[in-house]
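If you count the sequence shown from 1, position 201 lands on 406 in the working numbering, and the numbers rise without skipping.
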Amino acid sequence: MPVAPFPTDRLRVLGSAPLRSEGGFVLYWMIASRRSGWSFALQRAAAWAEELGRPLVVLEALRAGYPHASDRLHAFVLQGMADNQASFARHGVTYYPYVEKRPGDGRGLLAALSEMACVVVTDDFPGFFLPRMLAAAGRTLGVRLEAVDGCGLVPLAAADKAFARAVDFRRHLQRCFIAGPPELPLADPLLGLELPRLPALPQAVLGRWPQASPRLLEAEPGALAELEIDHGVAPVETCGGASAAREALDGFVRGRLDRYAEDRNHPDDGAASGLSPWLHFGHLSAAEVFHAVTSREGWEPGRLPEKARGTREGFWDLSMSAEAFLDQLLTWRELALNGAAQLSEPEAYESLPAWSRESLAQRSLDPRPHRYDLEALDEGRTHDPLWNACMRELRERGRMQGYLRMLWGKKILEWSASPREALHAMLFLNDRYALDGRDPNSVAGVAWVLGRYDRPWAPERPIFGRVRFMSSASAARKLRLGDYLERWGGSE
Numbered sequence: 206m207p208v209a210p211f212p213t214d215r216l217r218v219l220g221s222a223p224l225r226s227e228g229g230f231v232l233y234w235m236i237a238s239r240r241s242g243w244s245f246a247l248q249r250a251a252a253w254a255e256e257l258g259r260p261l262v263v264l265e266a267l268r269a270g271y272p273h274a275s276d277r278l279h280a281f282v283l284q285g286m287a288d289n290q291a292s293f294a295r296h297g298v299t300y301y302p303y304v305e306k307r308p309g310d311g312r313g314l315l316a317a318l319s320e321m322a323c324v325v326v327t328d329d330f331p332g333f334f335l336p337r338m339l340a341a342a343g344r345t346l347g348v349r350l351e352a353v354d355g356c357g358l359v360p361l362a363a364a365d366k367a368f369a370r371a372v373d374f375r376r377h378l379q380r381c382f383i384a385g386p387p388e389l390p391l392a393d394p395l396l397g398l399e400l401p402r403l404p405a406l407p408q409a410v411l412g413r414w415p416q417a418s419p420r421l422l423e424a425e426p427g428a429l430a431e432l433e434i435d436h437g438v439a440p441v442e443t444c445g446g447a448s449a450a451r452e453a454l455d456g457f458v459r460g461r462l463d464r465y466a467e468d469r470n471h472p473d474d475g476a477a478s479g480l481s482p483w484l485h486f487g488h489l490s491a492a493e494v495f496h497a498v499t500s501r502e503g504w505e506p507g508r509l510p511e512k513a514r515g516t517r518e519g520f521w522d523l524s525m526s527a528e529a530f531l532d533q534l535l536t537w538r539e540l541a542l543n544g545a546a547q548l549s550e551p552e553a554y555e556s557l558p559a560w561s562r563e564s565l566a567q568r569s570l571d572p573r574p575h576r577y578d579l580e581a582l583d584e585g586r587t588h589d590p591l592w593n594a595c596m597r598e599l600r601e602r603g604r605m606q607g608y609l610r611m612l613w614g615k616k617i618l619e620w621s622a623s624p625r626e627a628l629h630a631m632l633f634l635n636d637r638y639a640l641d642g643r644d645p646n647s648v649a650g651v652a653w654v655l656g657r658y659d660r661p662w663a664p665e666r667p668i669f670g671r672v673r674f675m676s677s678a679s680a681a682r683k684l685r686l687g688d689y690l691e692r693w694g695g696s697e
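Following this line, the structure appears as structure tokens:
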């Protein structure tokens, strides 16, 4: 049966199982776009439910056994689940939050629900363990499974290769917009829909896989303690969920966007957006961010030029700060998504550019004046007060300003026995502590430290070879750091 018009370049059908029109409901398996608005996947699922005249069930599950599962990451996701529960209740949609207590407890849940469903719709996402999970579901489910790409403004399918340079990818994005600005998802895909309601989820399902309790959705410490996750990484003040995300977006657009071009790199009174945790967990859509920024600037598609030149400024005909921010949101974020989708192993050392691997190999025997193992790095025990402050902020706050994160990575490269060891340390520390770790954008940032999306630099330097060098001394000259070091520098 046909459903409402939908951007088909965002849709993948996994496996060959058929639509089951006699099923009891349409199932939206929410795994990446963890929100109730600005979601192509939810929009697709709602359209199927309307077309088939069936209730819509939203399954949002949280595993216990994913890499680096911790109180910090769980609390952030659970806060988003509490938001979603309230939002879907207002829309009359059945929302099913499930949280594993032990790794593997949720095994069989998706299959059990899919046996009762007409069709299963889920999020397509190229990072972390999600591609493997989707591939397995496509092989095993006995009903039509659709994966919907809601990752960025331009569909992942619009590129058939991994781009090596930002300028080339920027030109690709500009061509896509000139050809026709990509369709944005609906702000509220459920608005105005009159779907039948499901009286209750089957007791056979709930008995084996009970819904998350209110105290767990509140991320209460006692409830988190019952889960088999890492309790050594504590929750942070930053709150997860679409409500907190929209508050952060509004604060940025109204309060800091005008200063973004000039002040985004300064930790003290800086103008960075700070939106990456919510973008990573899908509590905020890049489309909503784009809409908020361009609406603030009064932008219309008719202001686009006729030709794509790949330049960082001038394409949008917006203020300097808005152009600079959109370059981060679109070029750099979606370049990372492109790499995650097109490179077979984007986290592997072998995925780095040949020139950077060759240059680093040629300097592999250079003496390291300072060497620190993973434990020393984790504990922030180095000779560099600024680096230690960065690490302390990451451990305690779960975040780090973008320029400082680049410097943080460059120093790990300088202090590690080998570039491979540096890559491992960066990924481990970032993924364990950062709210926006484990994301294609984080992987790309770590890989950039080792040369990805960059160019060879001269002069050649010890340890770094022709890979870009950064120093704490240079950062101290460029950035306002007084308040930052006072807050995070400890007793050094």
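The beta-carbon is built from N, C-alpha and C at its ideal position, and this holds for glycine as well.
Would you call the CB atoms of residue i and residue j closer than 9 angstroms?
{"i": "tryptophan 620", "j": "leucine 582", "result": "yes"}
{"i": "arginine 240", "j": "leucine 216", "result": "no"}
{"i": "alanine 424", "j": "leucine 267", "result": "no"}
{"i": "alanine 680", "j": "valine 654", "result": "no"}
{"i": "serine 500", "j": "leucine 640", "result": "no"}
{"i": "methionine 675", "j": "leucine 634", "result": "no"}
{"i": "leucine 422", "j": "threonine 299", "result": "no"}
{"i": "arginine 671", "j": "glutamate 665", "result": "yes"}
{"i": "leucine 534", "j": "proline 386", "result": "no"}
{"i": "aspartate 473", "j": "leucine 686", "result": "yes"}
With a threshold of 8 angstroms on Cβ separation, who are the neighbours of residue i within its own chain once the five nearest residues in sequence on each side are excluded?
{"i": "proline 207", "result": "The pLDDT assigned to proline 207 is 48, lower than 50, so where the model puts this residue is not dependable; a value taken from the coordinates is nonetheless given after this. Excluding positions up to five away in sequence, the list reads Glu256."}
{"i": "alanine 322", "result": "Arg225, Gly228, Gly229, Phe230, Val231, Leu232, Val262 and Val348"}
{"i": "methionine 605", "result": "Cys595, Glu598, Leu599, Trp613 and Ala639"}
{"i": "arginine 517", "result": "Arg375, Glu528, Ala529, Asp532 and Thr536"}
{"i": "glutamate 320", "result": "Gly347 and Val348"}
{"i": "phenylalanine 495", "result": "Leu358, Leu389, Leu531, Leu534 and Leu535"}
With DSSP as the reference, label residue i as helix, strand or coil.
{"i": "glycine 385", "result": "coil"}
{"i": "glycine 670", "result": "strand"}
{"i": "methionine 235", "result": "strand"}
{"i": "leucine 534", "result": "helix"}
{"i": "aspartate 522", "result": "coil"}
{"i": "aspartate 329", "result": "strand"}
{"i": "serine 561", "result": "helix"}
{"i": "threonine 178", "result": "Nothing can be reported for residue 178: it is not among the residues displayed for the chain, which extend from 206 to 697."}
{"i": "phenylalanine 374", "result": "helix"}
{"i": "aspartate 288", "result": "helix"}
{"i": "phenylalanine 230", "result": "strand"}
{"i": "tyrosine 654", "result": "Note that residue 654 is valine in the sequence shown, not tyrosine. Here valine 654 sits in helix by DSSP."}
{"i": "serine 679", "result": "helix"}
{"i": "valine 218", "result": "strand"}
{"i": "aspartate 636", "result": "helix"}
{"i": "valine 490", "result": "Sequence check: residue 490 is serine here, not valine. Three-state result, serine 490: coil."}
{"i": "serine 500", "result": "helix"}
{"i": "alanine 341", "result": "helix"}
{"i": "alanine 392", "result": "coil"}
{"i": "glutamate 431", "result": "coil"}
{"i": "alanine 450", "result": "helix"}
{"i": "valine 438", "result": "coil"}
{"i": "aspartate 688", "result": "helix"}
{"i": "valine 458", "result": "helix"}
{"i": "histidine 261", "result": "The question names histidine, yet the displayed sequence has leucine at residue 261. Three-state DSSP puts leucine 261 in a strand."}
{"i": "valine 353", "result": "strand"}
{"i": "serine 549", "result": "coil"}
Within the same chain, show all residues whose beta-carbon is closer than 7 angstroms to that of residue i, passing over the 5 residues directly before and after it, in chain order.
{"i": "isoleucine 434", "result": "Ala269, Ala274, Ser275, Asp276 and His279"}
{"i": "lysine 366", "result": "Gln547"}
{"i": "proline 223", "result": "Arg349"}
Under 8 angstroms by Cβ, that's how I've got residue i and residue j pegged, so tell me the actual separation to the nearest angstrom.
{"i": "alanine 566", "j": "tryptophan 243", "result": "In fact, because the Cβ distance is near 45 angstroms, the residues do not count as touching under 8 angstroms."}
{"i": "histidine 488", "j": "alanine 447", "result": "5 angstroms"}
{"i": "arginine 349", "j": "valine 325", "result": "7 angstroms"}
{"i": "serine 526", "j": "tyrosine 465", "result": "4 angstroms"}
{"i": "glycine 460", "j": "phenylalanine 486", "result": "Not quite, the Cβ-Cβ distance comes to about 23 angstroms (not below 8 angstroms), so this is no contact."}
{"i": "arginine 625", "j": "tyrosine 554", "result": "5 angstroms"}
{"i": "leucine 542", "j": "glycine 357", "result": "6 angstroms"}
{"i": "aspartate 328", "j": "serine 221", "result": "21 angstroms between Cβ atoms; not a contact."}
{"i": "arginine 370", "j": "alanine 513", "result": "Wrong, their Cβ atoms sit about 14 angstroms apart, outside the cutoff."}
{"i": "tyrosine 608", "j": "leucine 684", "result": "7 angstroms"}
{"i": "leucine 523", "j": "glutamate 505", "result": "That belief does not hold up - the Cβ atoms of leucine 523 and glutamate 505 are roughly 11 angstroms apart, past 8 angstroms."}
{"i": "aspartate 214", "j": "alanine 363", "result": "7 angstroms"}
Leaving out five residues on either side along the sequence, give the residues of the same chain with a beta carbon under 6 angstroms from the beta carbon of residue i.
{"i": "proline 394", "result": "Leu247, Gln248 and Ala251"}
{"i": "serine 478", "result": "Phe457"}
{"i": "alanine 545", "result": "Pro331, Gly332, Pro551 and Pro645"}
{"i": "leucine 314", "result": "Trp414"}
{"i": "leucine 690", "result": "Ala594"}
{"i": "glycine 642", "result": "Asn635 and Asp636"}
{"i": "arginine 568", "result": "Ile668 and Gly670"}
Looking at the C-beta of residue i, does it have a partner C-beta in chain B at a distance below 9 angstroms?
{"i": "arginine 586", "result": "Going by chain labels, chain B is absent from the structure shown, which holds only one protein chain."}
Just checking, does the region 333-345 make contact with the region 300-312 on the three C-beta pairs under 8 angstroms criterion?
Taking a contact to require three or more Cβ pairs closer than 8 angstroms, the region 333-345 and the region 300-312 do not qualify as touching.
Taking one C-beta from the region 552-562 and one from the region 646-663 each time, how about it: are there three or more such pairs within less than 8 angstroms?
Output reads yes: the region 646-663 touches the region 552-562.
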